[in-house]
Structure formats: C-alpha cells, structure tokens
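Let me begin by presenting the structure, written as structure tokens, before commenting on it.
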Amino acid sequence: MQLSDFNKSRVRYHLGYYVVSVPAGDYARLEESLNSVPDAVFHDKIILQIGRCEAAEKKTQLASFEDKFQVPSTRVEGIIGDVDRTIRSSSIKEALKLWDEVYMYETNRLAQILYVPNYKDPMQARYRYERSGAEFIQALPGPADTAIGANLYLHTTTR
Numbered sequence: 000m001q002l003s004d005f006n007k008s009r010v011r012y013h014l015g016y017y018v019v020s021v022p023a024g025d026y027a028r029l030e031e032s033l034n035s036v037p038d039a040v041f042h043d044k045i046i047l048q049i050g051r052c053e054a055a056e057k058k059t060q061l062a063s064f065e066d067k068f069q070v071p072s073t074r075v076e077g078i079i080g081d082v083d084r085t086i087r088s089s090s091i092k093e094a095l096k097l098w099d100e101v102y103m104y105e106t107n108r109l110a111q112i113l114y115v116p117n118y119k120d121p122m123q124a125r126y127r128y129e130r131s132g133a134e135f136i137q138a139l140p141g142p143a144d145t146a147i148g149a150n151l152y153l154h155t156t157t158r
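All letters in the sequence shown, in the order written, are residues 0 to 158 by numbering that gives the first Met the number 0.
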C-alpha cells in the first residue's frame, strides 16, 4: 500500500525534504517508506498525522489575510460571578514560540511513524549537508544498476 502523490508531497513539505538539500540516501529512505506502507492502519495514522501537522502549522501563521483570523491566545482568564466572562490575551512572541514547538512535535511524530529524519527540526537539519562517500539507494524507481555486470567482468578478468 502506498500514499497518493498529493499526500506524499504533503509529507515531503512537512518534513523538509526538498530534493536539492537532502542526502540521496535519506530521500530514498523517505520514498521507500511512502511507497511501502504496511497496511490500512498505518495509512490512516499517517494521514491523521499529516492533518495534525497542517493544523499546527496554521497556528504558526501569526499574520494572515483571512477575514476571521485571530492570533492564538496565550493566556485565558475566566471570571465567574453575576456575569460570566472570559478575558483572552496574547503575546505574539509567546504564541509563535509555543506553536512552533507544537509544530515541531507533530512533524517529529510524523517522522517517527515513517522512520525517517525530520529536516525541519534544527537538531536533525545539521545532517542535511552531510554527504557520505557511498550511500546505498534501493528505493528509487527505475531499472537496477547496470554497472553490476561490468564489475563482475572486471573482477574475473583482472585477477
């Protein structure tokens, strides 16, 4: 079972997998994970987690052109008495810090479900520019490596 192309794109976005800046081995591991979802339960959990990532990301947008946009409240105070009322106050810096942490938490959960690194997380993004000399890439679509036959020929003839 595999995810649709639209959902694959959403996962790549939320985990920071932009083709040019991710090591080929990690990108291949993500593609393999997206193309080999074990069953419907995992599929549903992945879709649910993508929705949670998108909901948390909307809260990090503290400036919007939507008519009904409200800055997320960082402090809610309820006063109960003759007249019940609620006072909401928000500090944009506190709200941004809080919802960035929530968004990182949700993207880390998505990465854990797929068993891949989360390149939006600053602690894991430092590996983005690491290039190891040889990475085994198994999940890329297309024919198998054709250089294997040449390697066998050279091995048998040069000994």
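In this text, a Cβ means the ideal position worked out from N, Cα and C, and glycines have one as well.
So the beta strand (DSSP E) V75 belongs to, where does it begin and stop?
-> 74-78
Run the CB neighbour count on E93, radius 10 Å, all protein chains shown included, and call it buried at 16 or more, exposed below.
-> exposed
Does the distance from the C-beta atom of E105 to that of R51 stay below 8 angstroms?
-> yes
Which one of S32, A27, R108 has the shortest CA to CA distance from I49?
-> R108
Could you tell me the boundaries of the beta strand (DSSP E) in which S35 lies?
-> Looking at the DSSP string, S35 is not in any beta strand (DSSP E), and its letter there is neither H nor E.
Buried or exposed for Y17, please, with buried defined as at least 16 other CB atoms from any protein chain shown within 10 angstroms of its CB.
-> exposed
Roughly how many angstroms lie between the CA atoms of V10 and L97, to the nearest whole one?
-> 22 angstroms
DSSP on S90, reduced to helix/strand/coil?
-> coil
Go to V40, then tell me how far its alpha helix (DSSP H) extends in each direction, as first and last residue.
-> 39-59
Given V36 as reference, the closest of R84, M103, K7 once Cα atoms are compared | K7
Tell me which same chain residues have a C-beta within less than 8 angstroms of the C-beta of V82, skipping the five on either side of it?
-> none
Within its chain, find whatever has a CB closer than 6 angstroms to the CB of L2; leave out the 5 residues flanking it on each side and keep chain order.
-> L33
Rounded Cβ spacing between K44 and I112 (contact assumed at less than 8 angstroms) | 6 angstroms
Of the listed residues G77, L29, D4, H42, nearest to P116 (C-alpha basis) | L29
Provide the residue span of the alpha helix (DSSP H) that contains L14, from first to last.
-> 4-14
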